[in-house]
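Novice: The structure's right below; bear with me while I get my questions together.
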Amino acid sequence: MLVHDERRIEMRLRALLPFGVLVLLQACGQGRSDDIRDKVLAAPEKGLCALDSLNGKDFGGGAVDVRAGEALTFVGWAADSNKKPPSTVTVVLQNDKTGVAVEGKLGAARADVAQSLNAPELANSGFTASAQPALGGGSYSVVLLLKGSSRDERCDTRRTVNVR
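Heads up: the sequence shown runs through residues 4 to 167, numbered per the working numbering.
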């Protein structure tokens with residue numbers, strides 16, 4: 004079952020990748036789009052993460068509704084597969100038409116994560132990511148890109164942002 008889910012996630016990300024790559028290029032100020040596409044495709048689905056809230060609204064049901072043009076503030080936590088805090092976290096919202104990347108600020112206290120994962124080094128694994136992206140109406144899946152301790156990784160939050 005896990006292998007099937009990983010293949011499904013990889014196929015979904017590959018289908019959405021062309022739209023997110025251009026935005027990642029602009030948002031991150033990094034090299035050519037081919038370089039970024041290769042980097043994202045090379046990042047295995049290994050990271051650990053949770054997206055807790057968007058604009059103070061709990062993701063308890065898996066989705067949060069926002070208005071087009073509204074400023075967005077994501078709160079969550081992230082760790083690489085070695086249970087180490089990543090050096091960077093990028094929140095990527097994408098659908099079949101477009102995508103945006105929002106750089107996160109790491110270091111928020113998350114004693115609950117450290118205790119739950121039995122990893123004291125994750126005591127400050129929380130992050131916030133804020134931006135006012137130009138998103139059109141529709142549903143956007145949310146994926147985190149992590150710069151891990153040994154490699155880049157991605158984490159599918161299994162959360163959705165519905166823009167109205």
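Heads up, the beta-carbon is just placed ideally off N, CA and C, and yes, glycines get one too.
Which residues share a DSSP beta bridge with A134?
Specialist: A134 is bridged by DSSP to L75.
Novice: For E156, decide whether its Cβ has a neighbour in chain B, counting only Cβ atoms nearer than 8 Å.
Specialist: The chain inventory of the structure shown lacks chain B, comprising one protein chain alone.
Novice: Report yes if the C-beta distance between S144 and T163 is below 8 Å; otherwise report no.
Specialist: yes
Novice: Could you give the distance in angstroms between the alpha-carbon of S152 and the alpha-carbon of D99?
Specialist: 31 Å
Novice: Rounded to whole angstroms, what's the CA-CA distance from A71 to V166? Just pull it up for me.
Specialist: 6 Å
Novice: Does the segment 85-105 touch the segment 59-74, meaning 3 or more C-beta pairs lie closer than 8 Å?
Specialist: No, they do not touch.
Novice: I think P136 touches V116, with their Cβ atoms under 8 Å apart; what is that distance to the nearest whole Å?
Specialist: No, P136 and V116 are not in contact; Cβ-Cβ is about 27 Å, not under 8 Å.
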